[in-house]
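**Q**
Chains as they are written, first to last, in my numbering: chain A, 1 to 83; chain B, 84 to 494; chain C, 495 to 818; chain D, 819 to 1164.
Structure follows, in structure tokens:
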């Protein structure tokens, strides 16, 4: 999976839980929880969406790695065997 | 090798029963010969063969009923005339006809489009509103003019009325602070003002009528936190738990010890309720708050509560709540920890008599076995109606919540 | 503008059609020597000759089918079926050939045929001669259906119908022939007409019921209810926008239809109002139709069975009394 | 081809007749095969056994004459000149079928060859034929409209109404009845008070004749005479061809209504074998001719199947096309734009 592909999938997952969010405006290195109105329930749904989309298991200890958009992309590309 | 199958003789023929073979294995057959007879609903029908050759093998004996298309025999193609070779159809498995697309084309330019926007009707005060929403508004005492419509052409729907009804009984603690992230689609101006008007009306009424008293305690959250982390490791992601659900269960069980906080005003009398329906305060995207009920919280285990909690949040944010969920919580729990607030001094939702608040989890120095260690702690608060209970009862309740959270495995 | 009867309007329409196009010919029971069962073709046999004014045997299936064949063969026939009651014998030719040939042949065939027939009750002819089955025809894709209710429409719709490449069925309510009216100068085939403007209730109707509806509207006006009367004119296609626009203004709708209520044209219009103007409605759509009985012979019974002025007035008053 | 040569064909004409009869026979056999494989659906009525009527009668019509048929129509369509591929593709439901896949076996249309369709309503086509003939007469055209139908249609009111109207108005219609003795599962003696068909024409003052529908040369001669009569007198004519279908009424029919021996008896007079015998005794046809015609027909049928296989499906969004004719002609107020008939969206 190329980083760009991963990025668009992450953004899709984000907008599915925060529909009012505008993907273009999301800053890649700023904490997502600060940019978007996401609580722990939203974040769990976000993690589950990534789990479903990428087929990867995300333990709670890895949540900090998913704090930003770039973090998510790196995390998902690294753990994706096909990348 | 050519297949001889049970032929399809008509749309309503599904199967046929072999009543006779006119040829045996090894015998020669010619295209057009009748080589079998089949019993159908309409009677016995002669079945012809379309290939010439040697009847290699009969696979279905006389007397057996088989569906159309079943292989009946194999024919080794031999002695075919030149014509028959040419005539053998190159029958590919035909591509299926295209499926009907979701929406068939309207035959003509759309003439059924509704009339120009209702504004042409000049009736500015006229609200586009479904008849059933109109009747529900009357039943729940909601003034439609204060309700933002989310239906087609911003028509007001049943859900809008339900949301307004719930919001009008809901309290949002004054200190609600939403992260200041610019929202690309703020609720339309009049929608937000209507919801705000409904909330304002409820707040004022609650403050006017209910003599609140407030209690607070700080709870060691270490045991709950570690149990939760271990528990989530054992579970697949889809069954992962959030700490909020532990708080909800603890409150539910504590109410069994102090039932008088689980009550509602009915007219001028307080009615203690058997069942514990926890109103869970949920922020609605784009502003506004709603507190639908998690029914019978005491009877459900942690997993069930988690599933219902997730479903409730999902439906609250997508407008799919049932009116019963909005009208019958017996107490409300609000948790604003994630908004960075340590303590919540909320206002009770009439007709309830209590509200429980939780702040954020913080690390504090804490004495454990006479040693000071860094510890995760959380602040729990209680707002209660002094006409119904007094500080002593409130205190018992909060200490019960504290005690229950020290043994998370028993929740 | 001159005053003419509906009959004279039909006759001059027929004459103009026959004079302006040699392909046009009139075929039907007693259209020639007898001069037409409603005298719409009186004198035409002498004027245009037996080739173009063809009395037919009482074989509705055959002469309607022959009309279809002649239309395919390059003529522009006007087939008169004496009344809708006898058209039942020709329904197979109408549904399975006239309405279907173009589509079923993959677009190879057009059937430029006009069929006229009298319709409706009110003349004590009892059940077999008093049907109002326009709704059956308005159900069929592939044909057009119109109902001229005024002398102007009776005068100009035929000419327009003869220019259509597909079959057009013209229903002339039997009670209208002697009616006198102001003759306008033009008409069209597809738009409904507001015959009386109003703001309180939209009353949708067609054909013979138009005049009862206008009468009811005056009674209601005297009682302070301002009724807008919409004359459909075209029953297929139905001019829904005009209806919906009116309902968006009045928020109440009544439909008057001489057909039987169940599965009627009124039912279809009510459904289209519900689908197109749901959020405009302050009350359910009301329907005033013939009672679901074989039309009785006795005058007092027939009058009661038909959608009469009193039933229209009370339906409107009930509707206005209801608030949403 | 005048009447005299009809019964004494030369070699070339004999080969044409043989080719046409075999084309129908092999086409219908292939249709039966494809039906059993589920490639052709719906109803299928085979013409096997009646080939002599189509091959004998239809060539008597000129290019400008019109033809109205019934649902047992493959033989009529092929002999009228419709390409076998267009007919097969129609039965496959493909858009390259003669009716764009909308009609199927019972509704073949080709207006360029004035083949105004099969009709699935028994006797449904008779009034149409009367109308076509009426239009020809009114426009002074010396044409014939041939209307083919089975014996079952004779019991329908449309038959009697149509004959009366054609006689009354002296219209150039050839009513050609293919009497195969059965209206689906009812033998003629059980549904007709008087089973003889052509004498019924006398009731309407219509000339009539009868011919052995298994003898292609006899049909050719009689049909030619009948067509000439209709064309020159501009009057209707009823020709009854006594024939027999060797296959069931349609594909799903246990033929409980007739015995196998009756069918075998009629097969002794298979129209193709009957003609071959006559042609051989007159030295018009030899075994090599038969072999080469057979292989040419096999190729034609195989190509028809390939044409149908290669055909596309009509796009579903086109299903509403041609319910009405696109019409841009000038009318004063109302120009009927294409398909302006509002439909409630599905």
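Cβ coordinates follow ideal geometry from the N, Cα and C atoms, glycine included.
Just by C-beta distance, which residues in the region 631–646 of chain C are closer than 7 Å to chain D?
**A** 635 and 636
**Q** Does residue 1143 of chain D have its Cβ less than 9 Å from a Cβ in chain C?
**A** Judged by the 9 Å Cβ criterion, residue 1143 of chain D is in contact with chain C.
**Q** Give the secondary structure of residue 38 of chain B by DSSP, where H, G and I count as helix, E and B as strand, and everything else as coil.
**A** What is shown of chain B runs 84 to 494, which leaves residue 38 of chain B out entirely.
**Q** Run down chain D in chain order and give the residues with a C-beta less than 8 Å from the C-beta of residue 92 of chain B.
**A** 853, 854, 1069 and 1070
**Q** Distance, Cα to Cα, residue 1015 of chain D vs residue 970 of chain D?
**A** Rounded to whole angstroms, residue 1015 of chain D to residue 970 of chain D spans 10 Å at the Cα level.
**Q** For residue 801 of chain D and chain B, any beta-carbon pair shorter than 9 Å?
**A** Only positions 819 to 1164 of chain D appear in this structure, which leaves residue 801 of chain D out of reach.
**Q** Taking residue 991 of chain D as the reference, which of D:862, D:1056, D:897 and D:871 has the closest Cα?
**A** It is D:1056 whose Cα lies nearest to the Cα of residue 991 of chain D.
**Q** Scan the region 593–622 of chain C for residues whose Cβ lies nearer than 8 Å to a Cβ of chain D and list them as they occur along the chain.
**A** 595, 596, 597, 598, 599, 600, 601, 602, 603 and 604
**Q** CB-CB under 7 Å to residue 843 of chain D, same chain, minus the five flanking residues each way: which ones, in chain order?
**A** 866, 869 and 1090
**Q** Is any beta-carbon of chain B found at less than 9 Å from that of residue 1043 of chain D?
**A** no
**Q** Can you find a CB in chain D that lies within less than 9 Å of the CB of residue 580 of chain C?
**A** no
**Q** Can you tell me whether residue 998 of chain D is buried or exposed, with buried defined as 16 or more other CB within 10 angstroms of its CB?
**A** buried
**Q** Should the region 211–223 of chain B be called in touch with the region 763–782 of chain C, which here means at least 3 C-beta pairs below 8 Å?
**A** Between the region 211–223 of chain B and the region 763–782 of chain C, the count of C-beta pairs closer than 8 Å reaches three or more; the two stretches touch.
**Q** Return no unless some Cβ of chain C is closer than 9 Å to the Cβ of residue 231 of chain B.
**A** no
**Q** If we require 4 or more residues per run, which alpha helix (DSSP H) segments fall completely within the region 544–578 of chain C?
**A** The qualifying runs are 554–566.
**Q** Do residue 69 of chain A and residue 10 of chain A have their C-beta atoms within less than 9 Å of each other?
**A** Yes, the Cβ-Cβ distance between residue 69 of chain A and residue 10 of chain A is below 9 Å.
**Q** Should residue 123 of chain B be flagged as near chain D, meaning a C-beta pair shorter than 9 Å?
**A** yes
**Q** With a threshold of 7 Å on Cβ separation, who are the neighbours of residue 88 of chain B within its own chain once the five nearest residues in sequence on each side are excluded?
**A** 152, 153, 154 and 155
**Q** Taking Cβ-Cβ distances shorter than 9 Å, what residues in chain C pair up with residue 1054 of chain D?
**A** Near residue 1054 of chain D there are no residues of chain C at all, since even the closest Cβ is about 13 Å away, more than 9 Å.
**Q** In chain order, what residues of the same chain lie with their CB nearer than 6 Å to the CB of residue 726 of chain C, ignoring the 5 residues before and after it?
**A** 686 and 700
**Q** Going by CA-CA distance only, name the one from C:742, C:697 and C:586 that's closest to residue 770 of chain C.
**A** Measuring from the Cα of residue 770 of chain C, the nearest candidate turns out to be C:742.
**Q** Counting only C-beta atoms, is residue 3 of chain A closer than 9 Å to chain B at any point?
**A** no
**Q** Secondary structure at residue 1055 of chain D, three-state DSSP: helix, strand or coil?
**A** strand
**Q** Find the residues of chain D that neighbour residue 556 of chain C, judging by a C-beta separation of less than 7 Å, and give them in chain order.
**A** 945, 948, 976, 979, 980 and 983
**Q** Under a three-way DSSP split, which group does residue 497 of chain C fall into?
**A** Reduced to three states, the DSSP call for residue 497 of chain C is strand.
**Q** Scan the region 899–929 of chain D for residues whose Cβ lies nearer than 7 Å to a Cβ of chain C and list them as they occur along the chain.
**A** 917, 918, 920, 921, 925, 927 and 929
**Q** State the start and end residues of the unbroken beta strand (DSSP E) segment that holds residue 126 of chain B.
**A** 126–131
**Q** Step through the CB atoms of chain C and report whether any lies within less than 9 Å of the CB of residue 227 of chain B.
**A** no
**Q** Classify residue 1028 of chain D as helix, strand or coil using the three-state DSSP reduction.
**A** strand
**Q** So the beta strand (DSSP E) residue 21 of chain A belongs to, where does it begin and stop?
**A** No beta strand (DSSP E) holds residue 21 of chain A; DSSP gives it neither H nor E.
**Q** Kindly indicate the opening and closing residues of the beta strand (DSSP E) around residue 348 of chain B.
**A** That run of the beta strand (DSSP E) goes 346–349.
**Q** Check whether the Cβ atoms of residue 889 of chain D and residue 937 of chain D lie closer than 9 Å to each other.
**A** yes
**Q** Counting only beta-carbon separations shorter than 9 Å, does residue 859 of chain D have a partner in chain B?
**A** yes
**Q** Quick check on residue 474 of chain B: does DSSP put it in helix, strand or coil?
**A** helix
**Q** Could you please give me the residues that DSSP links to residue 119 of chain B through a beta bridge?
**A** In DSSP, residue 119 of chain B forms a bridge with B:104 and B:130.
**Q** With a cut-off of 9 Å, does the C-beta of residue 326 of chain B fall near any C-beta of chain A?
**A** The C-beta of residue 326 of chain B comes closer than 9 Å to at least one C-beta of chain A.
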